[in-house]
Amino acid sequence: MYQLYYYPNNASLAPHMLLEEIGAPFKLELVDRTQQAHKSANYLRLNPSGRIPVLVDGDLVIFEAAAICLYLAEQHPEANLLPAIGTPQRAHTLQWLMYLTNTLQTELLTYFYPERWTTDQAALEQVRVKAEERIGEMLDLLGAQLADGRSWFIGEQYTLVDAYLGMLCRWTRNLNRPARDLPQLAPYLQRLLARPAVQRALKSEGLTEPWV
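Mapped onto the UniProt record's numbering, the consecutive letters of the sequence shown carry residue numbers 1 to 212.
Here's what the structure looks like:
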């Protein structure tokens, strides 16, 4: 049985949604950030970076949300969460997953934790404003990929990219221009939220509306 170490609304949400989609047995292990549990000795033995999530599969321990998503998709090809090796769809899936984790997620973290980028207290709001501006540009780029009317981000097949993008779009829900307000992303996100697996993940983490 898989064990997913998580905290509500953290980067563990995408792997959680995929576990629900796959339907394999798993157990959620809460890492209480409010009590600094992610910095505890026990947790650091699983993930020396002290970040959430971690997936445990028997003797195998994996951290980094994107890596966990890829691992789960590869372990369960029957779920069709990752296109076949050698196809253009596979290449695009990897491309966009890397874009999401390396670019959009990084900028979102800049917005939420500006103190990591400056020691000047007066500059914190400037960092946040510029980060939100860049996030908006990234969301526009992502929305443009859906302009051809495709059902899901890679095409007509729901993939791990959709779960990951859904998680990051949720993080924008309190921004001045959240993902749900973009004309191409709005209907896409409603399709995502209509998936039973996504609803199960959101509700089991105790998350509340607005979902995105």
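By construction, the Cβ of each residue, glycine as well, lies at the ideal position given by its N, Cα and C atoms.
Rounded to the nearest whole angstrom, the C-alpha separation of P25 and D57 is 11 Å.
Rounded to whole angstroms, the separation of the alpha carbons of P48 and Q3 is 17 Å. The Cβ neighbour count for R45, taken over all protein chains shown within 10 Å, is under 16; the residue is labelled exposed.
Between the segment 61-72 and the segment 16-24, the count of C-beta pairs closer than 8 Å reaches three or more; the two stretches touch. For the 8 Å CB-CB criterion, V127 and T110 form a contact. In this structure, DSSP gives I154 a state outside helix and strand, which the three-state scheme calls coil.
Around the beta carbon of T172, a 10 Å sphere encloses 16 or more other beta carbons of the protein chains shown; the residue is thus reported as buried.
At a Cβ-Cβ threshold of 8 Å, L124 and E115 count as neighbours. Secondary structure in the segment 104-131: the alpha helix (DSSP H) runs of 4 residues or longer, each lying completely within the stretch, are 105-112 in chain order. P183 and Q157 have their C-alpha atoms some 21 Å from each other.
In chain order, L70, A73, E74, R90, T93, T159, L160 place their CB closer than 8 Å to the CB of L82, counting only its own chain and leaving out the 5 sequence neighbours on each side. In the three-state DSSP reduction, Y5 falls in the strand class (E or B).
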